[in-house]
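From first to last, the protein sequence lines are chains A and B. With this note's numbering applied, the first sequence corresponds to residues -11 to 112, in that order. With this note's numbering applied, the second sequence corresponds to residues -11 to 112, in that order. Worksheet: one structure, shown below.
2 protein chains.
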Amino acid sequence: MRYAYDCISMKKEKKYTLRVRLWVEETNGIFLGLGRVILLENIGKTGSITNAAKEMKMSYRQAWQFVEDMNKQANVPLVEKMLGGKNGGGARLTVAGESAVKSYFKLENKIRKFANKEATKLKF
Amino acid sequence: MRYAYDCISMKKEKKYTLRVRLWVEETNGIFLGLGRVILLENIGKTGSITNAAKEMKMSYRQAWQFVEDMNKQANVPLVEKMLGGKNGGGARLTVAGESAVKSYFKLENKIRKFANKEATKLKF
DNA sequence: AGTCGGTATTCATAATAAAACATACCGTTA
DNA sequence: TAACGGTATGTTTTATTATGAATACCGACT
């Protein structure tokens, strides 16, 4: 049994959650991170950098730079861009791009799962 | 053998390294992250927030805020502060503080090791 | 040839975050 | 009680980063 009295000094236990973030670096800086991968995903979905950026409320400026940066740092470009033409142009993922997105998420999931398992042992 | 000719289309394979970062969140925001843990470690080493901050080129302002924040979010304060006195005061880690540092690094190592193992399977 | 819509690029501006500065407070010791 | 050195706190600059606006370019299509 427990007396109401006990509650006086009872502090609610806080709840903590473990967060993990991973990214891939190349000699010139960041190659792939969560934001970039989501951008890639959106390019695949929408067919253009412009719309991919809108999708995630990122400025076109930044989205374009990310794409440029990733393509330069990859062994094979991840995004193929088209200039002019019927709909003004657009962008799509290369095979390497598709694969990079999948690999990243796969790895992230695996690590996140592992981290959460390990985290249950923690007590702060 | 290999012909010089082969080199014309040879691109140097880029080298990638996987980076991992983890932090613990509470309802009010970040509770523990790498920077905060290193700060704790330095407080333990130097006996004051001031010197701990200097050690890592962090402004006292920020260091103090971090400490305040951590203490508020922890079930038990991680840092015990002393005001005035012989050397003007100081700060030291509580048992919970020591334990938090150890736990964090232990977890980080485990996850980093796992991540690196998984990363070897990656190809970009 | 002119329209359309996305890419490519520069420049100015806003939003955020971090550092620097300035002061008051605090308690032991000389 | 005056000095010292760290804590406590607000304010002001600086630095970093992201956004927005403006413009040129490109190529299929009508």
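C-beta atoms are modelled at their ideal positions from N, C-alpha and C, and glycine is treated no differently. Every value quoted in this text rests on a predicted model; they were computed, and no experiment measured them.
- In terms of CA proximity to S87/A, L66/A leads the group L66/A, A41/A and G76/A.
- Where M58/A is concerned, the enclosing alpha helix (DSSP H) starts and stops at Y48 to Q61.
- With distances taken between CA atoms, A103/A lies nearest to K98/B out of N104/B, G78/B, D57/B and K98/B.
- The beta carbon of Q61/B is closer than 7 Å to those of E14, N16 and F19 in its chain, skipping five residues each way along the sequence.
- Taking 7 Å as the threshold, the shortest C-beta distance from L71/A to chain B does not fall below it.
- Rounded to the nearest whole angstrom, the C-alpha separation of K42/B and L28/B is 13 Å.
- Chain-order list of chain A residues neighbouring K2/B: E14, Q61 and N63, by C-beta distance under 7 Å.
- By the CB criterion at 7 Å, K69/B and A84/B fall outside the cutoff.
- Listed along chain A, the residues sitting closer than 9 Å to F102/B by beta-carbon distance are K98, I99, F102, A103 and E106.
- Nearest neighbour of L81/A by Cα position, chosen from V55/A, G21/A and K0/A, turns out to be V55/A.
- Under a 10 Å Cβ-count criterion, V25/A is classified as buried, with 16 or more other Cβ atoms of the shown protein chains found around its own Cβ.
- For the stretch 14 to 48 of chain B, the residues whose beta carbon sits under 8 Å from a beta carbon of chain A are, in order, E14, T15, F19 and L20.
- Sorting G32/B, G23/B and V64/B by C-alpha distance to the C-alpha of K45/B places G23/B at the top.
- For L10/A, the number of other beta carbons within 10 angstroms of its own is at least 16, and it is reported as buried.
- In the DSSP annotation of this structure, E1/A is not part of any alpha helix (DSSP H), being labelled neither H nor E.
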